[in-house]
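Enquirer: Please see the structure below; I have some questions.
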Amino acid sequence: MNATATPPDRWVTDAPIRVFHALLALGFALAWLTGDEDGWRPLHVTLGYSLAGLLAWRVAYGLFGPPSARLAPVGRRLGALRRWGSAWWQPGGVRAPEQHAQQGLTLLVGLLPTVLLMGLPFLALSGLATHLDWAGGEEVFEEVHEGLANGLGLVALLHPLLVLAQSVLRGRNLARAMWSGRVAGPGPDLVRQERRGAALLLALAVLVGAVAAWQWESAREPSARAERHGGERHHARDWDDD
């Protein structure tokens, strides 16, 4: 009796990147949900600091980490997307439109996380400027922050939906790469070490940093709330005088 052959797969994502991906998705979702509630401000600010810390770690890991985590593919993805778009306008058009469309979907799925990572620094800075009322421009920074949050939230929501659509079209679970680190199909392993210790350190660092930020924000929230309410009353008096 012949044993059933195990389908080939390959290792493409290490543990630190998977932990980063999970923490970023969870933190962004919670920050988006708590953004409009004044009572959740300490949690929202804590999540903002945590996301900024995760972004800083990703840049450092991309610069000094293993080859599989490098940030160099970002430029290649942008170039590939440009070539894909220009192919539609070439004389004679595209020879295999359906295959070309699937290729475009693959490029878009890979590009959306890049858009999110590139937008997060501006989201964090506008949030910090709103929180600390830089140059008295709290209202302006708040509008910018809210607009960026909604735009990046749409990107964050679109990404898993496109991954699901691509998984259905290809007949295999592409989200598996961010769960187990492996994808189905032949080919060389892109990851040589799991680096579970580094993943654990990342999770602990985010937890410790979040607890510290939460305690600091909770301690200063009563005085900050009094300042905000005082400013609102002062603005209301000025409006009445006018």
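As numbered in the UniProt record's numbering, residues 1 to 242 make up the sequence shown, in order.
A virtual CB, placed ideally from N, CA and C, is assigned to each residue, including glycine.
Every value quoted in this text rests on a predicted model; they were computed, and no experiment measured them.
1) On a Cα-Cα basis, can you pick out the residue from L152, H131, T106, F122 that is closest to L116?
2) Hey, Q193 and V109 are a contact pair by Cβ (cut 8 angstroms); roughly how many whole angstroms apart?
3) At what residues does the alpha helix (DSSP H) containing R18 begin and finish?
4) Identify the continuous beta strand (DSSP E) that holds T172 and give its terminal residues.
5) Within the same chain, show all residues whose beta-carbon is closer than 6 angstroms to that of P8, passing over the 5 residues directly before and after it, in chain order.
6) Could you give the residue range of the alpha helix (DSSP H) that holds W179?
7) In angstroms with no decimal places, state the Cα-to-Cα distance between R82 and Q215.
8) Leaving aside the five residues before and after P121 along the sequence, list all residues of the same chain whose C-beta is less than 7 angstroms from its C-beta, in chain order.
9) Mind reading off the beta-carbon distance from L174 to V163? Whole number of angstroms is fine, and I expect it under 8 angstroms.
10) Please classify L51 as buried or exposed, where buried requires at least 16 other C-beta atoms within 10 Å of its C-beta.
11) Which of helix, strand or coil does DSSP assign to D9?
12) What number of angstroms, rounded off, separates the C-alpha of residue 247 from the C-alpha of L190?
Expert: Based on what the coordinates show:
1) For the purposes of this step, residue 116 is taken as the residue at position 116 of the sequence shown. Residue L152 is the option with its Cα nearest to L116.
2) Against the sequence shown, residue 193 aligns to sequence position 193. Against the sequence shown, residue 109 aligns to sequence position 109. That belief does not hold up - the Cβ atoms of Q193 and V109 are roughly 26 angstroms apart, past 8 angstroms.
3) Reading the sequence shown from its first residue, position 18 is the one you call residue 18. Taken as a continuous stretch (DSSP letters only), the alpha helix (DSSP H) holding R18 covers 15-33.
4) Looking up residue 172 in the sequence shown gives position 172. The residue you asked about is not Thr; residue 172 is Arg in the sequence shown. Where R172 is concerned, there is no enclosing beta strand (DSSP E), given that its DSSP letter is neither H nor E.
5) On the sequence shown, residue 8 is found 8 positions in, with the first residue counted as 1. Taken in chain order, the residues that qualify are P186.
6) Looking up residue 179 in the sequence shown gives position 179. Premise fails: W179 is in no alpha helix (DSSP H) and is neither H nor E.
7) The residue labelled residue 82 in the question sits at position 82 within the sequence shown. The residue labelled residue 215 in the question sits at position 215 within the sequence shown. CA-CA distance, R82 to Q215, rounds to 47 angstroms.
8) For the purposes of this step, residue 121 is taken as residue 121 along the sequence shown, with counting starting at 1. Counting only Cβ-Cβ distances below 7 angstroms, and skipping sequence neighbours, we find L55.
9) For the purposes of this step, residue 174 is taken as the residue at position 174 of the sequence shown. For the purposes of this step, residue 163 is taken as the residue at position 163 of the sequence shown. That belief holds up - the Cβ atoms of L174 and V163 are roughly 5 angstroms apart, short of 8 angstroms.
10) The count along the sequence shown starts at 1 and reaches residue 51 at position 51. Burial call: buried.
11) Counting from one through the sequence shown, the residue named residue 9 turns up at place 9. Correct three-state label for D9: strand.
12) With the chain represented from 1 up to 242, any question about residue 247 goes unanswered, as that position is not in the structure.
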